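If you want the working numbering, it's the 1-based position in the sequence shown plus 462.
Every residue gets a Cβ at the ideal spot worked out from N, C-alpha and C, and that includes glycine.
Predicted, not measured: the structure shown is a model, and the values here were computed from it.
A short write-up of the structure that comes next.
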Amino acid sequence: MGARIIDGNAVAARVRERVALEVAEMGPKPGLATILVGDDPASAVYVRMKREDSARVGIESFHHEPGGDVSANELAELIRSLDADDRVHGILLQLPLPGHLDQDEFVSLIDPAKDVDGLTPTNAGLLVQGREEAMVPCTPAGVMELLAEAGAELEGARAVVVGRSILVGKPLAQLLLAANATVTHCHSRTRDLASVCREAAVLIAAVGAPRLVTADMVREGAVVIDVGTNRTDDGLVGDVDFDAVRERAGAITPVPGGVGPMTRAMLLANTLRAAKRYSVVRGAKR
């Protein structure tokens, strides 16, 4: 029969519905500013979809395309102006940036309260400290929603995260620790990766290696979340050998249609959260 397939599209739709209902009851609407630097086709598609998602749930969109030859000073000034704009509650700087711009420098310029990607050093530090005000990166937040959908019992469970990026692996490990899972963090230097993965009741692959996780690496009945998106001659595939692993797992996400839709949905949730927090702070200052 195989594993239960966790439908990321369905879960994302429910998140968008919740966001839309809350936005409809708000006065000034949440505002999301997107910054697209350069002419990378994939980045352009991602930003367009995020703006369309925002429109569907009632979030205002403020889009900026300063051009691939924008100077560091000009981009910095744009970010500072959006930090100061009361209509903007979330700022999304689409990565990667052109080679002449240091993305860490410009991410750090974003007001942490408007950092809906959760990438500023401030939010990363707050997440490590387990602080409620931390803005969580969208993909890890989406993974946690999918684990809830799968009915994963995280309390005391052995969870293995394969991948240590600042976008997914590291923040996800922190979220799992906060949920009282026992977390093992693996990466390209991990010895005997297969045996470590086999211990996992929850296995999350986020390393960007096509079909790295094979059936013999998966414990019977485990919940497997595949964050990878890899373009191959066979089309789009994940980090998990889906057809083989689904015969052993208890639940598994597909690629596409698993984590991807959740990343976009959680951006909307983060923007709403930032707008609600802004309203509280503004009201306290009156």
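| Host alpha helix (DSSP H) of glutamate 522 (start-end) | Per DSSP, glutamate 522 belongs to no alpha helix (DSSP H); it is in the beta strand (DSSP E), 522-526.
| query | Excluding sequence positions up to five away, which residues of its chain have a Cβ less than 8 Å from the Cβ of threonine 725? | reply | Cys600, Thr601 and Gly604
| On the three-state DSSP scale, how would you describe asparagine 692? | strand
| field | Cβ distance (whole Å) where leucine 540 is taken to contact isoleucine 497 below 8 Å | value | That belief holds up - the Cβ atoms of leucine 540 and isoleucine 497 are roughly 7 Å apart, short of 8 Å.
| field | Cβ shell of alanine 486 (< 8 Å), same chain only, five flanking positions each side left out | value | Gly520
| task | Would you mind reading off the limits of the alpha helix (DSSP H) that contains isoleucine 541? | result | Segment 534-545, the alpha helix (DSSP H) holding isoleucine 541.
| request: Drop a sphere of 10 angstroms on the beta-carbon of alanine 736, count the other beta-carbons inside from all chains shown, and report buried for 16 or more, exposed for fewer. | output: buried
| query | Is DSSP giving arginine 620 helix, strand or coil here? | reply | Of the three classes helix, strand and coil, the one that applies to arginine 620 here is strand, per DSSP.
| field | Delimiting residues of the alpha helix (DSSP H) encompassing valine 507 | value | 503-519
| Using CA coordinates, which residue listed in Ala727, Arg653 and Ala711 is at the minimum distance from isoleucine 666? | Residue nearest to isoleucine 666 within the set Ala727, Arg653 and Ala711 is Ala711 (criterion: CA-CA distance).
| query | Using 8 Å as the Cβ pair cut-off and three pairs as the minimum, do the stretch 580-596 and the stretch 609-620 touch? | reply | no
| query | Residue ranges of each beta strand (DSSP E) run of no fewer than 3 residues wholly in the stretch 465-506, ordered along the chain? | reply | Taking 3 residues as the shortest admissible run, the stretch 465-506 contains the following complete beta strand (DSSP E) segments, listed from N- to C-terminal end: 493-497.
| Top-ranked residue by Cα proximity to histidine 647, from Ala641, Pro672, Gly670 and Arg620 | Arg620
| field | Backbone CA spacing between leucine 554 and leucine 563 [nearest angstrom] | value | 16 Å
| request: Ignore the nearest five residues each way along the sequence and tell me which others in alanine 677's own chain have a CB closer than 8 Å to its CB. | output: Cβ within range, chain order: Asp703, Ala706, Val707, Glu709 and Arg710.
| request: With valine 569 as the anchor, note down where its alpha helix (DSSP H) starts and where it stops. | output: 565-571
| Under the three-state DSSP convention, the category threonine 676 falls into | coil
| query | By how many angstroms is the C-alpha of threonine 644 removed from the C-alpha of valine 664? | reply | 10 Å
| query | If you draw a straight line from the C-alpha of glycine 592 to the C-alpha of asparagine 642, how long is it? | reply | For the pair glycine 592 and asparagine 642, the Cα-to-Cα distance works out to about 12 Å.
| request: Please look up how many angstroms separate the CB atoms of arginine 681 and alanine 668, rounded, as I've assumed it's under 8 Å. | output: Going by Cβ atoms, the distance from arginine 681 to alanine 668 rounds to 18 Å, so no, they are not a contact pair.
| task | Enumerate in chain order the residues of its own chain whose CB-to-CB distance from leucine 655 is below 8 Å, with the five nearest sequence positions on each side excluded. | result | Val624, Cys648 and Met679
| request: Compare the beta carbon distance of alanine 731 and valine 550 with 9 Å and say whether it is the shorter of the two. | output: no
| field | DSSP state of glycine 697 mapped onto helix, strand, coil | value | strand
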